[in-house]
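Here UniProt numbering is used: the first residue of the sequence shown is 1, the next is one more, and so on. Beta carbons are placed, not taken as given, at the ideal position from N, Cα and C, and that holds for glycine. Every value quoted in this text rests on a predicted model; they were computed, and no experiment measured them. This report refers to the structure that appears directly beneath it.
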Amino acid sequence: MSHITEAKVEKLEEKAAAAHTIHRKRAVMKDLKKAKKKNKKVARQLRRKCGEKPQVPKTLENTREHDPTVLDENDDNEERLEEVNRDMDTDEFCSYFNCEYEPKVLLTYSTSMPSRKTRRFVKDLTNIIPNSMQFLRNGAAIKKNISKCVANGFSDMIIINEDQKKPNGMIVCHLPAGPTAYFRLSSVKTTKELNMKLDEITSHRPEVILNNFSTRLGNGVARMLGALFHYSPEFKGRRAVTFHNQRDFIFFRHHRYQFDKQGKRAALKEMGPRFTIRLQSIQKGTFDTKFGEFEWIIAGRRHEMETSRRRFFL
């Protein structure tokens with residue numbers, strides 16, 4: 001394949017600039033685009049013949065700012081690994097990962113009169129989270145509900161906030177001693193909006209996939225979200241829920257996988273709901289807006305913390 005000279009490319013650029021009609025300019029620009037594409041292909045073939053490795057495209061992920069709290073399996077620092085393991089053995093979720101209790105989750109609303117979409121969304125969550133139930137607060141204070149939840153053996157409480165009749169926030173409170181995380185909620189699609197039926201969701205306990213949480217903070221958030229589901233999945237149901245972190249946005253998906261007759265390939269079918277959350281704060285202890293101590297918060301510190309598009313916290 002012959003290479004198109006730079007002189008010819010420059011001539012085409014001059015023709016495009018001097019074109020008097022839009023049709024003539026479009027024709028010249030089409031030839032120019034084709035010439036540049038041909039040159040790129042020739043250069044790529046030449047690099048391949050010379051044995052050069054293909055260039056890795058730069059993305060926000062592989063050019064992210066260095067974070068000293070990033071957890072790496074290949075890290076040779078034994079002291080740091082021991083510190084991380086010690087933290088996980090003594091944090092609030094160690095009893096869950098030691099299988100000392102079965103999660104029991106209560107879902108409620110921030111308002112006494114939730115909208116139809118918010119009610120449907122909470123109903124979807126109760127269908128996918130094992131051993132969960134929804135509760136209408138009827139104006140009762142959240143702190144009173146928390147004490148009742150502890151007395152009734154609930155391990156977690158989820159509060160869905162709404163604005164303009166749309167769910168826009170989610171509070172996850174681990175009981176009895178916290179922590180409490182507040183997430184901004186967006187892109188909510190209920191099971192009905194995805195044209196799926198609730199009858200198709202079985203009662204089997206799903207597998208939980210926590211993906212791409214790389215920092216100490218992200219590891220803590222992943223452990224909190226994973227502790228909402230039972231630690232022993234029932235593979236017979238072929239259900240899987242995924243929390244995928246990408247650029248500090250956590251995408252939730254709920255799938256059921258199906259095998260072909262030969263048992264070699266599997267297809268995924270999305271069951272719903274579908275939503276995206278982004279961490280706004282983590283508070284020590286249970287929900288307390290007045291005297292709560294925050295471990296991490298971004299409100300009021302966004303310009304100070306988000307110094308670059310390549311800085312991520314999870």
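### Query
How is the alpha helix (DSSP H) around residue 197 delimited, first residue to last?
Here residue 197 belongs to no alpha helix (DSSP H), and DSSP marks it neither H nor E.
### Message
Please report the distance separating the alpha-carbon of residue 199 from that of residue 243.
### Response
23 Å
### Task
Taking only the alpha-carbon atoms, compute the straight-line gap between residue 201 and residue 124 and give it to the nearest angstrom.
10 Å
### Task
Please confirm whether residue 158 and residue 107 have their CB atoms less than 8 Å apart.
yes
### Message
If you reduce the DSSP assignment to three classes, tell me which class residue 145 lands in.
### Response
helix
### Query
Which residues mark the beginning and the end of the beta strand (DSSP E) in which residue 187 is found?
180-189
### Message
Less than 7 Å between C-beta atoms, sequence neighbours within five positions excluded: which residues of the same chain meet that for residue 114?
### Response
162
### Message
For residue 312 and residue 248, what's the separation of their Cα atoms in angstroms?
### Response
6 Å
### Query
Can you name the start and end residues of the beta strand (DSSP E) that residue 216 belongs to?
Looking at the DSSP string, residue 216 is not in any beta strand (DSSP E); the run it does join, the alpha helix (DSSP H), is 216-226.
### Query
Nearest to residue 365 by alpha carbon, out of 145, 111, 118?
Since the first residue of the chain shown is 1 and the last is 314, residue 365 is not available in this structure.
### Query
Is residue 182 buried or exposed, if buried means 16 or more other CB atoms sit within 10 Å of its CB?
buried
### Message
On a Cα-Cα basis, can you pick out the residue from 119, 130, 216, 36 that is closest to residue 71?
### Response
216
### Message
According to DSSP, simplified to helix, strand and coil, what is residue 46?
### Response
helix
### Task
Apply the 10 Å Cβ neighbour rule to residue 299 and answer buried if 16 or more other Cβ atoms are within range, or exposed otherwise.
exposed
### Query
Thinking C-alpha only, which one of 133, 65, 121 is nearest residue 185?
121
### Query
Whose C-alpha, out of 61, 153, 92, 111, is nearest the C-alpha of residue 102?
153
### Query
Quick one: Cα of residue 171 to Cα of residue 68, how far?
28 Å
### Query
Which value, in whole angstroms, describes the spacing of the CA atoms of residue 314 and residue 219?
8 Å
### Message
Assuming residue 118 is part of the alpha helix (DSSP H), what are its boundary residues?
### Response
116-128
### Task
Can you grab the Cα-Cα spacing for the pair residue 275 / residue 208, in whole Å?
16 Å
### Query
Would you say residue 173 and residue 307 are within 8 Å of each other, going by their C-beta atoms?
no
### Task
Using 10 angstroms around the beta-carbon of residue 252, count the other beta-carbons present and answer buried if the total reaches 16, otherwise exposed.
buried
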